[in-house]
Amino acid sequence: MESTNPTSQELGEGSGTGSAGLQLQRAVFINEPSTYVHQRLMLAFQKRKDWRIVESAADEALDVQWDVYENVDWDRVLKGRLMANFYCFRKGLTRKAQLAFYLKKYCSKRPSSPLVPCVPKTVILDINPEQVDWCLVDAREAFEEEKERTGKTGLWILKPSLGDKAAGIIILNNLKKLKETVMKDKDLVEWVLQKYVEKPLLVNKKKFHLRVHVLAVGRLKVYVHEDVIALIAMDDYIIPEKPKEPDAPVAEPTESVQEEEPKEGASGLSKKAQKNARKRANRKKNQRERRKADEEDMPELSLYGHITNSCLQRDHPGFDEDATAVKTIWERVKVNVKETFAAFRGN
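Its first residue numbered 1, the sequence shown is counted upward by one per residue in full-length UniProt numbering.
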């Protein structure tokens with residue numbers, strides 16, 4: 001789409017065109033989150049004398065806005081006055097928090113859908129840096145429910161809602177790490193926390209996923225392109241284990257300190273006072289256990305074995321063999337999907 005804004009072309013210095021030695025310049029604004037890509041874009045446009053880089057996306061003479069999706073001036077783009085580095089699309093699918101919201105809404109209305117068992121436990125976090133502890137209440141409850149159900153917090157994956165190519169993703173198992181992560185970049189206010197699938201389907205010991213292109217028309221016909229893209233992790237998948245704690249030294253009886261509940265009939269304490277004392281003791285015990293769970297940590301892990309769509313992706317030995325194995329899986333998936341949805345439509 002070519003800009004038709006008559007004010008976007010200005011006279012500027014350069015090698016010149018024609019006898020006047022004048023050159024028309026176009027304006028570009030660059031705001032690329034990836035430092036590597038941002039630097040390359042700046043160098044590319046600086047080398048071109050018919051382009052100038054402006055400091056603000058609000059510049060009326062702007063021809064190209066290279067920006068994050070949320071910032072693009074779509075009114076100007078759709079009127080043909082501006083070019084952007086994105087197509088206009090529905091954020092309900094591309095924004096992770098919105099996708100999680102609509103999946104939950106859909107599954108709650110259709111509990112028999114084959115989609116229900118495929119969606120892991122998900123918590124949407126809207127972070128206010130001034131009230132971060134309050135914002136993490138749902139995350140704490142999710143951790144506690146998982147620990148009560150399985151005996152451990154397990155692994156969780158945290159993703160910025162607007163991120164892509166694995167940028168900003170972290171795998172964690174405690175509230176302390178979660179809080180540190182969301183406070184590190186205060187510009188990111190929307191996050192998605194999901195229970196991590198710790199035993200995924202592997203191909204030659206590696207994680208993978210399939211990128212399937214789908215066309216949805218009207219209300220609603222869906223077409224699936226049979227040729228898919230397989231994205232395969234670079235390293236073998238290994239579940240990180242919590243390190244074993246060393247055996248605690250046995251304390252001498254005289255050094256042992258315990259909080260005992262008041263005994264029935266203790267001198268000077270009424271039954272009501274005894275009951276309140278027991279509540280305080282239990283509350284302190286729960287607080288200690290909660291702090292310990294919040295700070296429970298695991299070894300650092302390489303995301304190369306856990307992420308299949310990284311901005312640092314590279315080929316690895318055995319890639320062709322892995323891709324062939326994934327192709328076989330895709331053929332089985334197509335058959336299973338057709339059978340599953342045929343049965344679902346029949347219910």
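In this text, a Cβ means the ideal position worked out from N, Cα and C, and glycines have one as well.
Taking the beta strand (DSSP E) that residue i belongs to, which residues open and close that run?
i    : result
H209 : F208 to R211
L231 : I229 to I232
L172 : I170 to L172
Would you give the residue range spanned by the alpha helix (DSSP H) that residue i belongs to?
i    : result
T39  : Checking the sequence shown, residue 39 turns out to be Gln, not Thr. Per DSSP, Q39 belongs to the alpha helix (DSSP H) from T35 to Q46.
L178 : L175 to K184
L103 : K96 to K109
D133 : V132 to C135
List the DSSP bridge partners of residue i.
i    : result
L115 : None, per the DSSP bridge assignment.
M83  : V64
I127 : Answer is none; I127 lacks a bridge partner.
F29  : Q65
V217 : K221
A281 : A281 is not bridged to any residue.
E190 : D126
V203 : K206
Can you tell me whether DSSP reads residue i as helix, strand or coil?
i    : result
F143 : helix
I329 : helix
P160 : strand
V197 : coil
K275 : helix
R90  : coil
V54  : coil
V72  : coil
T150 : helix
E252 : Residue placement at E252 cannot be trusted, given a pLDDT of 39 that sits under 50; the coordinates are not used to answer.
K49  : coil
C138 : First, the amino acid is wrong: residue 138 is Asp here, not Cys. DSSP places D138 in helix when its eight states are reduced to three.
L78  : helix
N5   : Bear in mind that a pLDDT of 39 at N5, under 50, signals an unreliable position, so the number given afterwards is only what the model happens to contain. Coil at N5, not helix or strand.
K334 : helix
With distance defined between alpha-carbon atoms, name the residue in the options nearest to residue i.
i    : options                   : result
R140 : L178, A230 and N276       : L178
L188 : V335, E70, T328 and D50   : E70
V192 : G151, R149, L136 and D227 : L136
L155 : A142, A167, L62 and A166  : A142
Y196 : V116, P120 and K207       : P120
A230 : K327, V116, F45 and Q131  : K327
F89  : K279, R149 and L215       : L215
A233 : L220, K221, G218 and F208 : F208
L82  : N276, A58 and L93         : A58
H225 : K334, V28, T94 and L62    : K334
I157 : E144, V123 and A84        : V123
Y237 : G305, S270, V212 and R219 : G305
L172 : G163, K159 and D164       : K159
K49  : V28, N128, W74 and I127   : V28
I53  : V37, I239, T35 and N31    : N31
Q46  : Q98, V116, S34 and Q25    : Q25
V116 : K105, K152 and W74        : K105
R211 : R283, D227, A281 and T153 : D227
H213 : K205, Y223 and N204       : Y223
Just checking residue i against the ligand ADP - is the residue's beta carbon closer than 8 Å to any of the ligand's heavy atoms?
i   : result
E60 : The ligand ADP is absent from the structure shown, which contains no ligands of any kind.
Between residue i and chain B, is the shortest Cβ-Cβ distance under 9 Å, so that the two count as touching?
i    : result
P129 : Structure shown: chain B not included; a single protein chain is present.
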